[in-house]
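**Q** Residue numbers (my numbering), protein chains in the order written: chain Z, 1 to 547; chain A, 548 to 917; chain L, 918 to 1318. Next up is a structure, given as structure tokens.
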Amino acid sequence: MKKRPSIKKRRTKNDVNSGISSVDQSNHESVECISSSLSMNIESIKKRTGHSPDIKFRKVDIGKNSGMKSVIVYVQGLVDEITVTDFIIESIMNSPRFSSEIMPQEAIGIISEEVVSMGGITTEEKWDSLYLSLLSGDTVIFVEGSNVALIASTQGGETRSIQESTTNTVVRGPKEGFTESITTNIAMVRRIINNPDLWVESMKIGSVTNTDVSIMYINGIAEKKIVGEIRSRLKKINIDSVLESGYIEQLIEDGTMTPFPTLHNTERPDVVAGTLLEGSIAIFVDGTPFVLLGPALFIQFFQSPEDYYNRFFIASATRFLRIFVFIISLIGPALYVAVTTFDQSMIPTQLLIMIAAQRESVPFPAIVEALIMEVMFEILREAGLRMPKAIGSTISIVGALVIGQAAVQAGIVSPAMVIIVSITAIASFATPSYSMAISARLLRFVFMISAATFGTYGIIMVFILVLVHLCSLRSFGVPYMSPLAPLIPSEVGDTVVRRPLSGRKARPKLTTADNKIREGEHQKPQAAKDTGMVNAFYQKRGKRGSK
Amino acid sequence: MEKAKISSYQLFVLMVLFQLGSALLVPIGMEAKQDAWLAILMGMTAAFILMYIYDGLYRYNEGKPLTEFLKDILGNFLGRFVAFLYVLYFVYLAARVLRDLGVALLTFAYPFTPLFVVNGIFILVVIYTVYKGVEVIARTGELLVVLEFLLAVTFIILIVVSGLIQVSNLKPVLEEGVLPVIKVALKETVYFPFGEVIVFLMIFPYLKQPEKIKKVGIGSIALSGIFLSLFMAINISVIGINLTARSHYPLLTVIQSIELTGFLERLDIYFLVLLVIGMFFKISVFAYAAVTGAASVFSIKKPSRLAYPIGMVILLLSIVIASNYSEHISEGVNIVPLYIHLPFQVIMPLFLLVIASFKYKKKSKTADEK
Amino acid sequence: MNRTIFFLIVIGTILLSGCWNKRELTDIAVVSALAIDKNEEGKYVGTFQVINAGNIASGEQGGGGENAPIRVFSATGESLIQMSRNAAAKMPRQLFYEHVKLLVISEELAKNEGINTIFDSLDRSPNFRITTRVVLARDTEAANVVKVLTAIEKLPSEGIIKTLKSAETMQGETVTVDIHAIMNALRSPGKEPVISAFTLKGDEKSGERIQSIQSTTLDANLQAKGIGVFKEGKLIDWLEDDAASGTVWALNKIQRTVMTLDWENEIDAVALEVIRQNTGVTIEMISGKPKISIEIRAEGDIREVKNQLDLSHPNILMNIEKKLGKKLKTEIEDAILRAQENKSDIFGFGEMVYQDYPEEWKKIKADWQDVHFPELKVDVKTDIFVRQTGLRNKPYFSDFE
């Protein structure tokens, strides 16, 4: 029983290794280091990339009269072509620094130090890292006779500009959302937290895709052990590709047998900054606007950044509402099924009669009716996602109004069921985190089936089971349900409710290192002692009036 | 023993939930008639003494669960045997509680469902919980105690607002004098539910701050005693002693009498939730104690592996324990307290305490001589 | 892995087979009221008022309102259980008793056989709520009470309960009792139950038809009529008008009622609406015999004056208060006297003696109803306060000379 997965694991490891080794071997066949012959270098690049036309070779004479040749290689679209022409090609061609008796090695030094006026320029001898740089948008400069190549960082090209995030929208708060470019994303967080203690570590994951992955944390706030744990889990990943942060999420979470997300993800830099300040670690993955945040707690999935921007009464009320609504989206239809098929004695007579009257003509048992409607809704939702935007609204009208109304009039479903389904549908969108909302979507069916078998008793039992499961989860060693269970009294103020900011003295205990104090003493706003700050004119008049 | 730590608050919550568990739902101390609430309070006071004994016993053997230190006190063979008896005791009590639950569900909501199925569903959840360990039980307790507390408070508010309480039903107080009440307290209420906290001797070693055991134990007994007494007083004052004594589940009858504003009525679900949560913790704690106990008796490395077999034993025992509910109840009232609770909750611990104190003295003496 | 599969199989089996208790709403017939009669053969006749859900909800489907909101079935049987089993044979659906709101017992049954056996079987059944209201059917069969359709309230049982409640609060001559209260009184040696009665005015047959509630005036009408007094589970007396209201006062069940007073030859010249009242009963033991004192404080507003009374005058108000007090006192004293003649302690004085003097109670418990209660000394004290006189202080015709 235990053996099988380990065998599997070994096999997958071998697969990946063999893939890598084949790549490596082809590398070894050619020479590991670059040669000093220009044409050989060009040939070997062309061979290695399969003569891909988007890899551009530009032959350039060095200086006007040195007679030395060089080749500039870049990938079209990945580089900022203006930089390449203005700062590399033109400066190399027109530079007066080169004389005819210059040696190739010297030429490299001169180019990097005196000719090319750019930020990042390094030398490289190995093909492996040269390809990595080339394919991530750097420009490679070969010089005839030199076995060292220059690499100029010219990353650029077309990326999506910063736009409002589409998944975590707020009314109040910054509107910008992450883009697909990892450098832009990291910069966006840096812009919020101006502190040298904001540390970034970078690595490449994916033996084929070589995706940039960075972890970001605030040194002194993030717990060292958790940072180490995340780092080692990331290092352990041995997979061919990372196409989205979801890959990373599924590979580094604590356990896979759970419907609940144990890593948070967001599209908003302010959320990242906020959670970093509570000791979390952010994982950026190139190519996706979704940044992972861990360790994640259950309650974080119900927090919206807006909670902290609004006054605490409203924030607390909405948080409470969200959790309530989450529970409704879980057990709403299940409760309907239980009440109509088992526990008819538990609802007021009038309500029972109303429901009974509606169900009188429905040909299905309540559970079938509920399943039909829920599945129908899931279909509508799934179809709505795939639908081109232009006809998306048409479909929702057809789905919601026509099918819903028609089904009721045809007597296939009862109006009460339609109400229940729409309530749960709306409720499932009130959870700020999409990944938590979809886990509820799945569990809803478990609840419905248990309700159909055991009524309210079944619902309660599954509820307890889910609760026990939630309590047993950990995210990077941090109990998932904390600070509620285990209870940390000082932190309950930022869970179901949000206490005023002036009472938020310390950072969360479990996830932060030494730097625990959030705010100084006496942060509670106070009314001015002197009430005479009003316009003197009015004060005088007031006095006169009192006479 | 697993590597786990629970805080004193978690232990407190767990002990309160454990004691409220089934006692909140079934009539206890009914022989004291309308003074049942007093009998509960007296039983609570007597249970303080028991708690002192358990705490003293644990002091001599800090860091070890009951089944382990039995080996130290009574020697390996006899110790294992007594420990095994204790494991049986826990299994039996778990089975009794499970039977209570199953019958309650059957009588008031699901008359045509087989007892085996209702109990089976329940035990599956318990097995999962026990498998996850004591930390998870404690954390779940922390969450559900909030729910239980909310339910209790809203229940009291609803009862008061609907004007059902007739304090005169509690009169006359001490109709036959104090003696009969004390008798009931010593015969019944001290063992159930308070004396059953002996099972926590299996859980004390996980406590982060072992010096707080006495405080937590006494506190939890006091809180649950007051709660039980209050609920019993409410039961009697709403439906009268006669109906309370005749009902299998007086609280259900009380909840059903609530009728407010034409909509807040038929709140049976209150009872159902209280019932399931309370019973869940009681059975889980018993089952957990039985699992770790059995693991230590038979020297099994991974106790969680026993969760499944012991759960099944509890399930089967809960079915065969009695042929009908009356037999089950009469066993519970006439046999269990005197012949099972008394030896396991009072006599044995006292005996152990005496032996332990002798042994400890000897040890310290020999240590001094050296 | 194996374990997961095993669990899935176990759970799957349970899920697939687990429909023991399943009853869809379309499988049950919700009984809203139950009437119990006794026929000539000595068998119970149960009349079940079943809700016709499709017609009661004002839904558009099937054109609700055309048909009667209820259907009535009856069945006979030696016992209640047998009766309900016989009824089940006549119904396409399973009878569902959890929503029974009203239990009607016929006068004959209550008088001749008593209600003890009925209540024992109701008590045992987990289906009946102890909050089910109970009424007697007076001068008619119990079955007729549940057959009649009521106006305004679509559900007749609901209509009866609401009538009962409004009669209790506005008129003060009926009491709303449920199974629990009756059972408590039946088993207690120091208390006897009272149950309000309903009677049918008009044509029984036409009351059953839907046309009956389609006109503005009803062919058949249910009306609260008096309170039945029980002794040892049997109906022995009816209380009406003043006797009924005196009893309700003494039972401390009055909420809002109207008291009238004759003034200078004018009958019911002054009407006082009681806003709040409090009845306190205390017990003293005088040489081994209990003595009851009832103290009533009532506050109210004057609502109607037929005479030329100047209510702005405090003396007149005080006079009214005094006279009303005296009237109330005699009313209550008469009610208690009536109960003592009946030898039925409907006020629960015996229970109070037990609660306050358990030792003495033991001695007199055995023959409380027959010997001690009829001899009980009861002292009634009343205090009436007029708080407001409505919007005016004098009748508008006070200046007509």
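We treat Cβ as the ideally placed atom computed from N, Cα and C, and that holds for glycine.
For L:N1195, which residues does DSSP report across the bridge?
**A** Reading the third sequence from its first residue, position 278 is the one you call residue 1195 of chain L. L:R1214, per the DSSP bridge assignment.
**Q** A:P797 and A:P658: beta carbons closer than 8 angstroms?
**A** Locating residue 797 of chain A in the second sequence gives position 250, where the first residue counts as 1. Locating residue 658 of chain A in the second sequence gives position 111, where the first residue counts as 1. Taking 8 angstroms as the Cβ cut-off, A:P797 and A:P658 do not qualify as a contacting pair.
**Q** DSSP three-state label for L:E1190, please.
**A** Numbered from its first residue, the third sequence carries residue 1190 of chain L at position 273. It is a strand residue.
**Q** Enumerate, from N- to C-terminal direction, the unbroken beta strand (DSSP E) stretches of 3 or more residues contained entirely within the segment 644 to 730 of chain A.
**A** Listed in chain order, there is nothing to give.
**Q** On the DSSP bridge list, what partners appear for Z:H264?
**A** Numbered from its first residue, the first sequence carries residue 264 of chain Z at position 264. According to DSSP, Z:H264 bridges with Z:L293.
**Q** Let's test the definition: count the other Cβ atoms within 10 Å of the Cβ of L:Q1140 and tell me whether it reaches 16, buried, or not, exposed.
**A** Along the third sequence, one-based indexing puts residue 1140 of chain L at 223. That one is exposed.
**Q** Can a CB atom of chain Z be found closer than 8 angstroms to the CB of L:A1167?
**A** Looking up residue 1167 of chain L in the third sequence gives position 250. So no, L:A1167 is outside the interface.
**Q** Given a cut-off of 8 angstroms, decide if L:K1018 and L:I1096 are closer than it, judged by their beta-carbon atoms.
**A** Residue mapping note: residue 1096 of chain L aligns to position 179 of the third sequence, counting from 1. Residue mapping note: residue 1018 of chain L aligns to position 101 of the third sequence, counting from 1. Not closer than 8 angstroms, so no.
**Q** Let's test the definition: count the other Cβ atoms within 10 Å of the Cβ of Z:E223 and tell me whether it reaches 16, buried, or not, exposed.
**A** Translated into the one-based positions of the first sequence, residue 223 of chain Z becomes position 223. Answer is buried; the Cβ neighbour count reaches 16.
**Q** Can you check whether the CB of A:V746 is closer than 8 angstroms to the CB of A:F637?
**A** Along the second sequence, read from residue 1 onward, the residue named residue 637 of chain A stands at position 90. Along the second sequence, read from residue 1 onward, the residue named residue 746 of chain A stands at position 199. In this structure, A:V746 lies closer than 8 angstroms to A:F637 by Cβ.
**Q** Which of the three DSSP states is assigned to L:T1138 in this structure?
**A** What you label residue 1138 of chain L is simply residue 221 of the third sequence in a count that begins at 1. Sequence inspection shows Asn at residue 1138 of chain L; the Thr mentioned does not correspond to that position. Strand, per DSSP.
**Q** Touching or not, the segment 481 to 492 of chain Z and the segment 197 to 206 of chain Z, by the rule of three or more beta carbon pairs under 8 angstroms?
**A** No: fewer than three Cβ pairs fall under 8 angstroms.
**Q** Grouping DSSP H, G and I as helix and E and B as strand, with all else coil, what is Z:V75?
**A** Taking the first sequence and counting its residues from 1, one reaches residue 75 of chain Z at position 75. In this structure, Z:V75 counts as strand in the three-state DSSP scheme.
**Q** Is there a Cβ of chain A sitting closer than 8 angstroms to that of Z:P483, yes or no?
**A** Translated into positions along the first sequence, residue 483 of chain Z becomes position 483. Under the Cβ distance rule, Z:P483 does not count among the residues neighbouring chain A, no pair being separated by less than 8 angstroms.
**Q** What's the call for Z:T341, buried or exposed, on a 16-neighbour Cβ count within 10 Å?
**A** To locate residue 341 of chain Z, count along the first sequence from 1; it is residue 341. Buried, by the Cβ-count rule.
**Q** Return yes when at least one heavy atom of the ligand MG lies under 7 angstroms from the C-beta of A:L561, else no.
**A** Absence of the ligand MG from the depicted structure is noted, as is the absence of any ligand whatsoever, leaving it without description.
**Q** I need the straight-line Cα distance from Z:S44 to Z:Q105, nearest angstrom please.
**A** Residue numbering aside, residue 44 of chain Z sits at position 44 when the first sequence is read from its first letter. Residue numbering aside, residue 105 of chain Z sits at position 105 when the first sequence is read from its first letter. Spanning the two alpha carbons is a distance of roughly 21 angstroms.
**Q** When you compare only the Cα positions, how much space is there between A:V728 and A:K718?
**A** Counted from its first residue, the second sequence places residue 728 of chain A at position 181. Counted from its first residue, the second sequence places residue 718 of chain A at position 171. Between A:V728 and A:K718, the C-alpha separation is close to 14 angstroms.
**Q** Just how far apart, CA to CA, sit Z:G458 and Z:A451?
**A** One-based indexing of the first sequence puts residue 458 of chain Z at position 458. One-based indexing of the first sequence puts residue 451 of chain Z at position 451. Their Cα atoms are separated by approximately 5 angstroms.
**Q** For Z:C33, which beta-bridge partners are listed by DSSP?
**A** For the purposes of this step, residue 33 of chain Z is identified with residue 33 of the first sequence, where counting begins at 1. Answer by DSSP bridge pairing, in chain order: Z:K126.
**Q** Count the other CB atoms within 10 Å of the CB of Z:Q409; is the residue buried (16 or more) or exposed (fewer)?
**A** Sequence index remark: in the first sequence, residue 409 of chain Z carries index 409 (1-based). With fewer than 16 other Cβ atoms from the protein chains shown falling within 10 Å of its own Cβ, Z:Q409 counts as exposed.
**Q** Helix, strand or coil for Z:S22, going by three-state DSSP, please let me know.
**A** Mapped onto the first sequence, residue 22 of chain Z falls at position 22. Confidence in Z:S22 is poor, its pLDDT being 41 and thus under 50, which makes the residue's placement unreliable; the coordinate value appears in the next sentence. Reduced to three states, the DSSP call for Z:S22 is helix.
**Q** Quick check on DSSP: helix, strand or coil for L:Y961?
**A** Your numbering for residue 961 of chain L matches position 44 in the third sequence. Strand, per DSSP.
**Q** Tell me whether the beta-carbon of L:N969 lies closer than 8 angstroms to the beta-carbon of L:P986.
**A** Numbered from its first residue, the third sequence carries residue 969 of chain L at position 52. Numbered from its first residue, the third sequence carries residue 986 of chain L at position 69. Yes, these two residues count as a Cβ contact at 8 angstroms.
**Q** Could you check if Z:P508 is buried or exposed, using at least 16 other CB atoms within 10 Å of its CB as the buried criterion?
**A** One-based indexing of the first sequence puts residue 508 of chain Z at position 508. By the 10 Å Cβ count, Z:P508 comes out buried.
**Q** Report the rounded CA-to-CA distance for Z:I328 versus Z:V466, giving the unit in angstroms.
**A** Counting from 1 along the first sequence, the entry for residue 328 of chain Z is found at position 328. Counting from 1 along the first sequence, the entry for residue 466 of chain Z is found at position 466. Rounded to the nearest angstrom, the two C-alpha atoms are 15 angstroms apart.
**Q** Are the C-beta atoms of A:S873 and some chain L residue less than 8 angstroms apart?
**A** Sequence index remark: in the second sequence, residue 873 of chain A carries index 326 (1-based). So no, A:S873 is outside the interface.
**Q** Should A:T718 be flagged as near chain L, meaning a C-beta pair shorter than 8 angstroms?
**A** Looking up residue 718 of chain A in the second sequence gives position 171. It is Lys, not Thr, that sits at residue 718 of chain A in the sequence shown. Yes, A:K718 counts as interfacial toward chain L.
**Q** Can at least three beta-carbon pairs, one atom from the segment 163 to 179 of chain Z and one from the segment 259 to 269 of chain Z, be found at a separation below 8 angstroms?
**A** yes
**Q** For the segment 645 to 661 of chain A against the segment 580 to 590 of chain A, are there 3 or more C-beta pairs whose distance is under 8 angstroms?
**A** no
**Q** Hey, how far is the Cα of Z:R441 from the Cα of Z:M448?
**A** If you number the first sequence from 1, residue 441 of chain Z lands on position 441. If you number the first sequence from 1, residue 448 of chain Z lands on position 448. In a straight line, the C-alpha of Z:R441 is about 11 angstroms away from that of Z:M448.
**Q** Could you pull out every residue in the same chain whose Cβ sits closer than 8 angstroms to the Cβ of L:K1244, ignoring the five residues on either side in sequence?
**A** Residue mapping note: residue 1244 of chain L aligns to position 327 of the third sequence, counting from 1. Here the set comprises M1176 and L1178.
**Q** Near A:I750, what residues of its chain come up, given a Cβ to Cβ distance below 8 angstroms and the 5 sequence neighbours on each side ignored?
**A** For the purposes of this step, residue 750 of chain A is identified with residue 203 of the second sequence, where counting begins at 1. Hits under 8 angstroms: I553, L558, L561, P612, V681, V832, Y835 and A836.
**Q** Using a Cβ-Cβ cut-off of 6 angstroms (strictly less than) and excluding sequence neighbours within five positions of Z:T456, which residues of its own chain qualify?
**A** Your numbering for residue 456 of chain Z matches position 456 in the first sequence. Counting only Cβ-Cβ distances below 6 angstroms, and skipping sequence neighbours, we find A338 and D343.
**Q** Our contact map puts Z:S482 next to Z:L263 with C-beta atoms below 8 angstroms; I'd like the distance itself, whole angstroms only.
**A** Translated into the one-based positions of the first sequence, residue 482 of chain Z becomes position 482. Translated into the one-based positions of the first sequence, residue 263 of chain Z becomes position 263. That belief does not hold up - the Cβ atoms of Z:S482 and Z:L263 are roughly 16 angstroms apart, past 8 angstroms.
**Q** For A:Y835, go through chain Z and note every residue whose CB falls closer than 7 angstroms to its CB, in chain order.
**A** Here residue 835 of chain A corresponds to residue number 288 of the second sequence, with the count starting at 1. None at all; the shortest Cβ gap to chain Z is about 12 angstroms.
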